[in-house]
Amino acid sequence: MMRVLLSAYQCAPRIEAVSQIGWQWYSRLAQRVPTTLVTHIRNRPDLLRVGAPLANSDIIFIDTEWLAKPLCDFAERLFPNSEHASSLLCSLDFYFYDWVAVRQLKARLKAGTQWDIIHAVTPVSPVAATRLHVLKRPLVLGPWNGGLKTPTEFPDIMKENSSWLYPIRHLGHLVDFVVGTTRQASAILTATTATLESIPARYRSRCRYLLENGVDLDSFTPAPWPTPPSHTQPLHIVFVGRFQPFKGLPMLLEAIARLTDRLPVKLTVVGDGPLREKWENQAKRLHINHLITWYGSAPPVQVVAQMQAAHVLCLPSVRESGGAVLLEAMACARPVLTIKYGGPAEVVDESVGYAIEPDGGSPAVITALVESLHDIALRPDVWRQRGEVGRQRAEQLYGWEAKIEQALALYQELLKTPERGRKKRQK
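So, in structure tokens, the structure goes:
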């Protein structure tokens, strides 16, 4: 039986999306094949709390807290209102983590530990250049979801999101060029068209499509659609996400303020962050705060309940690389309303909801939100059916078990053709 070395810098069964991705890969792979997880020591408390190491697995914790903690503390002080910017700066620790990890893993190989294949699953960005290929085993990278360009239609939102920091990402491409991550990989899993296009053309033949996000179909379950919205039954909208500028919640608030002249509305906001007070004040200025439940951050079981209680999930994010909450809402049989850019453009069409074109910027998006939300009251059966199709699509394409099956098939393919993989990596 093959032995897998799984590198997941972020890996913990908690709310943060990328950590959840690492956890799902680890917990589900360990059920199928012997798995060694290598991860950052900051994940240790959360992993131990749920009984890790899991059966059929072991864990190697990498300690770079001497750098990571002061770096992240500095980033949070520098960007108190932009979690995205602070996370970008914090992520520079990954390169030191990777260097320490490779050194320890080489020592284990020398001592007799054996792995057949290596898979680096988090971070989920193409700029997360790793040196794991020096272990001389087939290396799978991803799924990656980066490469997304900054949208030009929303300059004010992106400025608030500290988009001027984004060029830091180019450091990762430089590291990749120097250490040969992409050049030496046996396979690269890409989640979006933008990600594929960010890979040098000479390496795209090694790319396979696989969305980085997945959904736990046993946790996110369907429920009957609520009583259709009408003049007596409020349209119930749910927003789930961190309070970051690019998530676009202010546009949804503006749309709701305009929509109240047409039908009763209520909004549940699941999430939190430093922008909460600012956005609550906006709702008060628009005289809609009484229509909103500011739920705060919530564990998955409560997120499911809030999704099931709503008619539609709305994620008006202007620069969303992934969009896990869209898959979760689809798994709950709820239609989804989003912006046609980045990750959402890959998964949302009129079969499962509606993706608004970003052309025209915030004013045009707000108008489209009003019309789309009103359309739910005008055509409730259509939107209910979109939710049902969403569940079917989640079962067919986005469940974690389906993703693990694809990965295991890829591992077997690479192990059957080691010479071909090695020749490709030498080009």
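Following my numbering, the numbering of the sequence shown begins with 1 at its first residue and continues without gaps.
A virtual CB, placed ideally from N, CA and C, is assigned to each residue, including glycine.
Values in this document were obtained by computation on a predicted structure and should not be read as measured data.
Backbone CA spacing between residue i and residue j [nearest angstrom]
i	j	result
Gly214	Glu395	10 angstroms
Asp116	Trp66	32 angstroms
Leu174	His287	50 angstroms
Ser19	Val140	19 angstroms
Val370	Ala377	11 angstroms
Val33	Lys340	38 angstroms
Asp349	Ala355	6 angstroms
Pro143	Ile188	7 angstroms
Leu148	Pro155	16 angstroms
Phe94	Trp400	25 angstroms
Val2	Gln406	This sequence places Met at residue 2; Val is not what is there. Cα-Cα distance, rounded: 15 angstroms.
Gly421	Tyr203	Unreliable positioning characterises Gly421 in this predicted model, as indicated by a pLDDT of 47, which lies under 50. The coordinate reading is nonetheless provided below. The alpha-carbon atoms of Gly421 and Tyr203 are separated by roughly 12 angstroms.
Asn43	Tyr97	13 angstroms
Gly342	Lys110	43 angstroms
Leu196	Gln244	26 angstroms
Gly317	Pro264	Per the sequence shown, the amino acid found at residue 317 is Ser instead of Gly. Whole-angstrom Cα-Cα distance: 24 angstroms.
Lys416	Gly51	34 angstroms
Glu74	Cys90	In the sequence as displayed, the identity of residue 74 is Phe instead of Glu. Looking at the two C-alpha atoms, the distance is approximately 9 angstroms.
Lys423	Ala283	Caution is warranted here: a pLDDT of 45 is assigned to Lys423, below 50, making its placement in the model unreliable, and the coordinate value is therefore given only provisionally. Their backbone Cα atoms lie some 59 angstroms apart in a straight line.
Lys69	Glu76	11 angstroms
Phe503	Ser219	The chain is shown only over 1 to 427; residue 503 falls outside these bounds and no answer can be derived.
Residue interval of the beta strand (DSSP E) (run including residue i)
i	result
Gly387	From DSSP, Gly387 is part of no beta strand (DSSP E) but of the alpha helix (DSSP H) over 380 to 393.
Leu313	312 to 315
Gly296	292 to 296
Tyr354	353 to 356
Val304	Run containing Val304: none in the beta strand (DSSP E); it sits in the alpha helix (DSSP H), 300 to 309.
Ile199	First-last for Ile199: undefined, no H or E at that position.
Leu275	No beta strand (DSSP E) holds Leu275; DSSP gives it neither H nor E.
Val336	336 to 339
Ala187	187 to 190
CB of residue i within 8 angstroms of CB of residue j, strictly
i	j	result
Val301	Thr268	no
Gln308	Ala223	yes
Arg137	Ile118	yes
Ile62	Val100	yes
Thr181	Ile21	no
Glu311	Pro200	Sequence inspection shows His at residue 311; the Glu mentioned does not correspond to that position. No, they are not a contact pair.
Val303	Glu328	yes
Ile211	Tyr398	In the sequence under discussion, the amino acid at residue 211 is Leu, which differs from the Ile named in the question. Contact flag set, yes.
Gly323	Pro344	yes
Gly241	Val325	yes
Ile256	Leu291	yes
Ile404	Leu29	yes
Thr39	Tyr9	yes
Range of the contiguous alpha helix (DSSP H) that encloses residue i
i	result
Pro143	From DSSP, Pro143 is part of no alpha helix (DSSP H) but of the beta strand (DSSP E) over 139 to 144.
Phe455	Absent from the structure is residue 455, since the part of the chain shown begins at 1 and ends at 427.
Leu109	93 to 110
Val269	Premise fails: Val269 lies in the beta strand (DSSP E), 265 to 270, not in any alpha helix (DSSP H).
Pro250	249 to 259
For residue i, three-class secondary structure by DSSP
i	result
Ala30	coil
Gly147	coil
Glu16	coil
Cys11	coil
Gln426	Reliability fails at Gln426, whose pLDDT of 44 lies under 50, so the model's placement of it is uncertain and no value is given.
Phe220	coil
Ile366	helix
Leu210	coil
Thr122	strand
Phe177	helix
Phe154	coil
Asp349	coil
Val134	helix
Thr39	strand
Val127	coil
Val50	coil
Asp58	strand
Ala402	helix
Val238	strand
Leu5	strand
The ligand GTP heavy atom lying under 7 angstroms from the CB of residue i
i	result
Gly399	The ligand GTP is absent from the structure shown, which contains no ligands of any kind.
### Query
Using 8 angstroms as the threshold, is the segment 231 to 251 in touch with the segment 196 to 211, meaning 3 or more CB pairs across them?
no
### Cβ contact check for the segment 330 to 342 and the segment 385 to 394: 3 or more pairs under 8 angstroms
yes
### Query
Is the number of C-beta pairs between the segment 49 to 56 and the segment 359 to 373 that are closer than 8 angstroms three or more?
no
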